[in-house]
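In the numbering used here, the protein residues as written are 3 to 83. Backbone N, C-alpha and C fix where the C-beta goes; we use that ideal spot for every residue, glycine too.
Put into structure tokens, the structure is as follows:
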């Protein structure tokens, strides 16, 4: 998994990064990877997780901006029914 042909983490889409991260988790959970390779893929996994977190945060901010619109946050009467 951790070889020179891999795409740089920052170039991955959220979906690509998540799929690769899931593969790394499966490999590590299986326990069939030698120690040195485990460390290398764990490092890549940490980078992938950070990348996914950043992409999610960015998406959340965009959605928040859309919901708020150009006029700021919309206010509605609360319904307690």
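My assumption, with CB atoms under 8 Å, is that residue 43 sits in contact with residue 23. Please give the rounded CB distance. Taking the first residue of the chain shown as 1, we reach residue 43 at position 41. Taking the first residue of the chain shown as 1, we reach residue 23 at position 21. Not confirmed; about 10 Å, so no contact.
Alpha helix (DSSP H) segment containing residue 25, residue limits: Numbered from 1 along the chain shown, position 23 holds the residue referred to as residue 25. Residue range 16-32 is occupied by the alpha helix (DSSP H) that includes residue 25.
Please determine, among 47, 65, 18 and 10, the residue with the shortest C-alpha to C-alpha distance to residue 28. As a working mapping, residue 28 is identified with position 26 in the chain shown. Of the listed residues, the one whose Cα sits closest to residue 28 is 47.
When we look at the beta-carbon of residue 26 and count the other beta-carbons within 10 Å, is it buried (16 or more) or exposed? Counting from 1 along the chain shown, the entry for residue 26 is found at position 24. Residue 26 should be labelled buried.
Mapping the DSSP letters down to three states, classify residue 71 as helix, strand or coil. In the chain shown, residue 71 corresponds to position 69, counting from 1. Of the three classes helix, strand and coil, the one that applies to residue 71 here is coil, per DSSP.
Roughly how many whole angstroms lie between the Cα atoms of residue 6 and residue 38? For the purposes of this step, residue 6 is identified with residue 4 of the chain shown, where counting begins at 1. For the purposes of this step, residue 38 is identified with residue 36 of the chain shown, where counting begins at 1. With a pLDDT of 43 at residue 6, under the threshold of 50, the modelled position of that residue is not reliable, and no figure is offered here.
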